[in-house]
RNA sequence: GGCCCGGUAGCUCAGUGGAUUAGAGCACCAGUCUUCGGAACUGGGUGUCGGGGGUUCGAAUCCCUCCCGGGUCGCCA
């Protein structure tokens, strides 16, 4: 897909090539810094050195030799010392950007570079028999945003919620239920009761080796299909899925599949046999199946000495299944950076086994969330924050703010807006910065309504909608060139240039697996709109055609902001 | 100890395949507005870009080294 700025760069490049003054591979074009009054720059240092001239001389000669058609997107060429700066034609920029947005609507910014290739993305992945907490929200939110972004880029996305429903921890849960009884409550309450049993059993297990053995035994019985263990397990899975779905619905999260680790149970012996057969793994004296160091990474196990399987075993089986089933070009894991070594080992193992030589494994890691005192959140410390409570709290606070800000809304609308604003704040808190960073949970920051916040972005969108509403009936958007050509003022052009950058922001976000690039775009765009809003009257513009043109710009801003927010998983209310 | 990530303004963060004067938000101070939603806009920065070396005409960005914080290193996930 080629957007306006792509065509602009292409025009500059081909014009430079046409002069024959600079070899094509030395033409490195980049956006100039913000303080430079230009839209594209050619820093000539490297080219000048190769050609044996001074940079300023090269740029001057080029500036003199360059030719552009009268209706070119390139309106200005200025040699500025070693830089050759290019400026956009304001009229054509306005016409083409607003034309694109008006025509493409919800798909503005989308691309076809994914060519419908399949990507399987593994995210959220909470544990069964536990409530979702802040530890799960990052994977869930980042993963869902990546699904939106990569889908917009033309990839066929398959989201898989890789439920933690297997392994030794499940032995503990089953042993605990048998020891203390099955919870009688439902939903999150039932999960809370299960957690309580799990913690109690774990603590007692520390002191009593027999309980530890019992848990391990239960884990094995479950793996071997013991009916009683299976029934308890099934109940836990169903209870958990039902409770989690409420959170997913509120966050706008959905998956193509929810296989869970248990799904791969029947494939585990084959996987271990494969590794042994290929000589990648070997059996220890005590019976454990070990994979010795690959790519200088620490060695690891595929099977415990008691015959049980591990996380790695299941992840390897999962890779095999996904490759067979979906034929993806890429497997993405949105999992905390604590597990980085695990995924490097998995990647090395997949490579050594030559299972999927064409397929990329990508671990999108993210930092840990700490409480206000800088402590890790944990059940044991008693400072754990559960997802449902977090969402409820954020929405309740948003409700209070809505109450004071806008009493024109009906109670029902206030509730809906509060939900959108509160949830938006929670999502944005996870996406506005590079996800590798650790996060300190700061309620003030998270629910801020000013500055770089979800609420400010939503508010900007709502202001656009307000203007459009007041403009009267019908779609105010026009596309005729003469009208759109009127948008040449500085603040109008600044806003249009931001709108023009959305496609590139989406590409970069996808390429870096970095939703914050979109967040950043939304914020700078909302800022540009704020300035425009102050300086340029729309409804009371000097002429009817300027009014039309500005209304079109406002409509395009609303559309583009909505598209950007959607990629983050944030709703765009029209009133708030 | 090995490996990975982070260290940029009081706080939270962008910028890091070198290149024109290092940027935002919050907080603080001072302003704007009888006009489209003030959840707004404008102005105000003496920053050891963690320290020190090195490469370069030019380094927050590349190389080396050290310091600090977080993570991780076979029978958890």
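In my numbering, the protein residues as written are 2 to 577. Beta carbons: idealized from backbone N, C-alpha and C, even for Gly.
Go ahead and label residue i buried or exposed: buried means 16 or more other beta carbons lie within 10 angstroms of its beta carbon, across all protein chains shown.
| i | result |
| --- | --- |
| residue 401 | exposed |
| residue 172 | buried |
| residue 108 | exposed |
| residue 240 | buried |
| residue 469 | buried |
| residue 104 | exposed |
| residue 20 | exposed |
| residue 25 | exposed |
| residue 584 | The shown model of the chain, from 2 to 577, leaves out residue 584, and the question about it has no answer. |
| residue 348 | buried |
| residue 201 | exposed |
| residue 228 | exposed |
| residue 565 | buried |
| residue 397 | exposed |
| residue 317 | buried |
| residue 342 | exposed |
With C-beta atoms as the reference, is residue i less than 8 Å away from residue j?
| i | j | result |
| --- | --- | --- |
| residue 463 | residue 577 | yes |
| residue 138 | residue 510 | no |
| residue 30 | residue 47 | no |
| residue 378 | residue 100 | no |
| residue 39 | residue 79 | yes |
| residue 254 | residue 314 | no |
| residue 311 | residue 332 | no |
| residue 500 | residue 557 | yes |
| residue 427 | residue 403 | no |
| residue 204 | residue 388 | no |
| residue 131 | residue 192 | yes |
| residue 533 | residue 493 | yes |
| residue 568 | residue 424 | no |
| residue 261 | residue 164 | yes |
So, at 6 Å on beta carbons, what are the nonlocal neighbours of residue i in its own chain, with the 5 sequence-adjacent residues on each side left out?
| i | result |
| --- | --- |
| residue 346 | 298, 301 |
| residue 256 | 160, 162 |
| residue 233 | 175, 178 |
| residue 180 | none |
| residue 335 | 124, 140, 143, 144, 365 |
| residue 486 | 92 |
| residue 115 | 154, 155, 156 |
| residue 186 | 194 |
How close, in whole Å, do the beta carbons of residue i and residue j come, if the pair is a contact with beta carbons under 8 Å?
| i | j | result |
| --- | --- | --- |
| residue 504 | residue 553 | So it is not a contact: roughly 19 Å between Cβ atoms. |
| residue 96 | residue 560 | That belief does not hold up - the Cβ atoms of residue 96 and residue 560 are roughly 16 Å apart, past 8 Å. |
| residue 112 | residue 76 | Between residue 76 and residue 112 the Cβ distance is about 26 Å, and since that is not below 8 Å, they are no contact. |
| residue 3 | residue 73 | With a Cβ gap of about 16 Å, residue 3 and residue 73 do not count as contacting. |
| residue 506 | residue 519 | 6 Å |
| residue 56 | residue 45 | 5 Å |
Short of 7 Å in beta carbon distance, which residues of its chain neighbour residue i, apart from the five on each side in sequence? Order them along the chain.
| i | result |
| --- | --- |
| residue 22 | 62, 63, 66 |
| residue 451 | 457 |
| residue 292 | 276, 281, 282, 300, 301, 303, 350 |
| residue 382 | 376 |
| residue 158 | 120, 122, 148, 151, 152 |
| residue 394 | none |
| residue 250 | none |
| residue 305 | 289, 311 |
Excluding the 5 residues preceding and the 5 following residue i in the sequence, name in chain order all residues of the same chain whose CB lies nearer than 8 Å to its CB.
| i | result |
| --- | --- |
| residue 431 | 138, 139, 142, 143, 440 |
| residue 245 | 127, 133 |
| residue 308 | 221, 288 |
| residue 562 | 458, 461, 462, 465, 523, 526, 527, 530, 573 |
| Can you find at least 3 beta carbon pairs, one from the stretch 513 to 533 and one from the stretch 470 to 489, that sit closer than 8 Å? | no
| request: Decide yes or no for the touch test of the stretch 114 to 121 against the stretch 217 to 232: beta carbon pairs closer than 8 Å, at least 3 of them. | output: By the C-beta criterion, the stretch 114 to 121 is judged not to be in contact with the stretch 217 to 232, since fewer than 3 inter-stretch pairs fall below 8 Å.
| request: Check whether the stretch 411 to 428 touches the stretch 348 to 368, counting contact only when three or more Cβ pairs, one atom from each stretch, lie closer than 8 Å. | output: no
| query | Contact between the stretch 260 to 279 and the stretch 317 to 332: three or more CB pairs below 8 Å? | reply | Flag = yes, the stretch 260 to 279 and the stretch 317 to 332 touch.
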